[in-house]
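Student: Here's a structure for you.
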Ligand SMILES: [Ca+2]
Ligand SMILES: [Ca+2]
Ligand SMILES: [Zn+2]
Ligand SMILES: [Zn+2]
């Protein structure tokens, strides 16, 4: 993406919103992964969190949820936006980022799970990993309490 | 997948259901792409169609819709199922198939649009393309009438 943007400011908005969503999901008893889609002028296009438990959903991961909540957008809007996710995106969410050609992905952490980062990079998506402690802590607490729900979310037995 | 199944019977159920969903979406004024997820014992796990227009949805492609309607399933259920889609799956839907390790994908046609078939094959997914005339006709009619809605669905200007 263009270097003319105030990334520090945009990234603070984006990861703050994503983390708020992760905490909200945790409080609801859900998988604590949150996401936001932020335009490069700082506008919040969409926010969301994993809804597997809350909505019995197989597809509303944090990223899909944020994209769904953003509603229908023109192709050009996605191409001037960054998606923030508290955890490295799975294959489905990676594919959603590629579908809409979102040029930049900021990831809270990829220690708990590492998804399609290499595929994103192979498609010239800018991938930033923050290695954030709170993102890791939320997931660690959730997985300790509900390991089977987490495995189901990533298609594992 | 195992060769012991009655593929002709399963595939007839699966593509009939997917095509019904595509026709239904067309009748509703929506993008005519339908999908079904069928267990290898013939059970219908989920059906769905593209909901961009009907639900103002950016993520409910036919495949995501069918997976969402199927609800929460154990990993082992997806691994013994085939997904049927009237059109070649986009990157998001390709990623969803990989997330849940669905071993087999039957595609109505890939002339209108060719999605992530190579990536599926690289992950050892069995990909079958039917080159079905009705699938192609539905899309041709839709795109002639509403080219911009179709472009939006595949992230193009
Ligand atoms: Ca919620
Ligand atoms: Ca409908
Ligand atoms: Zn995901
Ligand atoms: Zn799709």
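Chains as they are written, first to last, in the numbering used here: chain A, 1 to 157; chain B, 158 to 314. A virtual CB, placed ideally from N, CA and C, is assigned to each residue, including glycine.
1. Which whole-angstrom value describes the C-beta separation of residue 95 of chain A and residue 252 of chain B, a residue pair presumed to lie in contact below a C-beta threshold of 8 Å?
2. Going by DSSP in three states, residue 191 of chain B sits in which element: helix, strand or coil?
3. On the three-state DSSP scale, how would you describe residue 262 of chain B?
4. Considering only heavy atoms of ligand 3, does any lie closer than 7 Å to the CB of residue 135 of chain A?
5. My parser needs the alpha helix (DSSP H) runs of 4 or more residues fully inside the segment 54-84 of chain A; what are they?
6. Measure the alpha-carbon distance for residue 6 of chain A versus residue 287 of chain B and round it to whole angstroms.
7. I want to verify the contact list: residues of chain B whose CB lies under 7 Å from the CB of residue 98 of chain A, in sequence order.
8. Are three or more beta carbon pairs between the segment 203-215 of chain B and the segment 182-191 of chain B nearer than 8 Å?
9. Quick one: is residue 165 of chain B buried, meaning 16 or more other Cβ sit within 10 Å of its Cβ, or exposed?
10. Does any C-beta atom of chain A lie closer than 8 Å to the C-beta of residue 162 of chain B?
11. For my contact list, residue 227 of chain B and residue 192 of chain B are in at a C-beta cut-off of 8 Å; report their separation, rounded to the angstrom.
12. Output, in sequence order along the chain, the residues in the segment 60-74 of chain A whose CB is closer than 8 Å to any CB in chain B.
13. For residue 98 of chain A, does the count of other Cβ atoms within 10 angstroms reach 16, so buried, or fall short, so exposed?
14. Assuming residue 220 of chain B contacts residue 242 of chain B (C-beta within less than 8 Å), just tell me the rounded distance between them.
15. Tell me the DSSP secondary structure of residue 39 of chain A in three-state form.
16. Starting from residue 204 of chain B and walking both ways along the alpha helix (DSSP H), at which residues does that stretch end?
17. Along chain A, which residues have their Cβ under 9 Å away from the Cβ of residue 309 of chain B?
18. Chain A partners of residue 235 of chain B, CB-CB under 8 Å?
19. Please tell me whether, using a cut-off of 7 Å, the distance from the CB of residue 92 of chain A to the nearest non-hydrogen atom of ligand 3 is below it.
20. What residues of chain A sit near residue 258 of chain B, judged by a beta carbon separation below 8 Å?
21. Identify the continuous beta strand (DSSP E) that holds residue 283 of chain B and give its terminal residues.
22. What did DSSP end up calling residue 86 of chain A once you bin it into helix, strand or coil?
23. Mind checking if residue 52 of chain A is an interface residue toward chain B, Cβ cutoff 8 Å exclusive?
24. Just verifying my parser: in three-state terms, what is the DSSP assignment at residue 132 of chain A?
25. Tell me whether residue 218 of chain B, by its Cβ, gets closer than 7 Å to a heavy atom of ligand 4.
26. Rounded to a whole number of angstroms, what is the C-alpha to C-alpha distance between residue 172 of chain B and residue 4 of chain A?
27. For residue 87 of chain A, tell me which candidate among A:57, A:134, A:59, A:68 has the shortest Cα-Cα distance.
28. Within the present structure, is the beta-carbon of residue 246 of chain B separated from the nearest heavy atom of ligand 3 by less than 7 Å?
29. Give me the Cα-Cα distance between residue 102 of chain A and residue 40 of chain A, rounded to the nearest whole angstrom.
30. Among B:246, B:212, B:182, whose alpha-carbon lies nearest the alpha-carbon of residue 268 of chain B?
31. Can you grab the Cα-Cα spacing for the pair residue 13 of chain A / residue 19 of chain A, in whole Å?
32. Using the C-alpha atoms, what's the distance from residue 113 of chain A back to residue 122 of chain A?
33. Would you mind telling me which residues of chain A sit closer than 8 Å to residue 243 of chain B, beta carbon to beta carbon, in chain order?
Tutor: Here's the rundown:
1. 3 Å
2. strand
3. strand
4. no
5. 62-70, 75-78
6. 49 Å
7. 248
8. Touching, per the Cβ criterion.
9. exposed
10. No, no contact with chain A.
11. Contact flag wrong, Cβ pair sits at about 10 Å.
12. 60, 64, 67, 68, 70, 71, 72, 73, 74
13. buried
14. The pair is a contact, with the Cβ atoms about 5 Å apart (cut-off 8 Å).
15. strand
16. It is not in any alpha helix (DSSP H) - residue 204 of chain B instead sits in the beta strand (DSSP E) that spans 201-206.
17. 72, 73, 74, 75
18. 155
19. yes
20. 155
21. 283-286
22. strand
23. Chain B contact via Cβ: present.
24. coil
25. yes
26. 49 Å
27. A:134
28. Checking every heavy atom of ligand 3 against the Cβ of residue 246 of chain B, none is found closer than 7 Å.
29. 11 Å
30. Of B:246, B:212, B:182, the residue nearest in Cα terms is B:246.
31. Taking the straight line from one Cα to the other gives about 10 Å.
32. Between residue 122 of chain A and residue 113 of chain A, the C-alpha separation is close to 19 Å.
33. Those do not exist, as residue 243 of chain B stays about 18 Å from chain A at its closest Cβ, beyond 8 Å.
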